[in-house]
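In this note's numbering, the protein residues as written are 90 to 184.
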Amino acid sequence: MGRPPKHIGETLRTVIKDLGFEKKLAQVRLVRQWPEIVGENIANISQAERVYEDILYVKVKSATWRTELLFQKRTIMQRIENTIGKNIITDIRFH
């Protein structure tokens, strides 16, 4: 007899890891979970658009809010690490 069958989720995790897609999938989760990561107040004035070359691009409602988020960048990066994982992005660009 052979080995017992694996659960499809376990097989997919193995394939994703072997192909090196873990980081990219984490980046997709980051964009999708932006409101949960930053909270309602920041989510109301910003929108995570994409991750390109490990940089998260976030659209902000105004220059004033952009400045405020620049001051909060370190805190936001920490929330991302705590929620999604470390080394998922290297920077955030607010525009």
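All C-beta atoms, glycine included, are put in the ideal place defined by N, C-alpha and C.
In the three-state reduction of the DSSP assignment, ARG155 falls in the helix class. Per DSSP, the continuous beta strand (DSSP E) segment holding LYS148 begins and ends at 144-149. The criterion of a C-beta distance shorter than 7 angstroms is satisfied by ILE181 and LYS162. Taking all protein chains in view, the Cβ of GLN167 is surrounded by fewer than 16 other Cβ atoms within 10 Å, so the residue is classified as exposed. Rounded to whole angstroms, the separation of the alpha carbons of ALA137 and ARG121 is 8 angstroms. A Cβ-Cβ contact shorter than 7 angstroms links ILE173 with ARG118.
For ILE165, no beta strand (DSSP E) encloses it; the enclosing alpha helix (DSSP H) starts and ends at 162-172.
Of the residues assessed, LEU158 falls on the buried side of the cut-off, its CB having 16 or more other CB atoms within 10 angstroms. In the DSSP annotation of this structure, the continuous segment of the alpha helix (DSSP H) that includes GLN116 starts and ends at 111-121.
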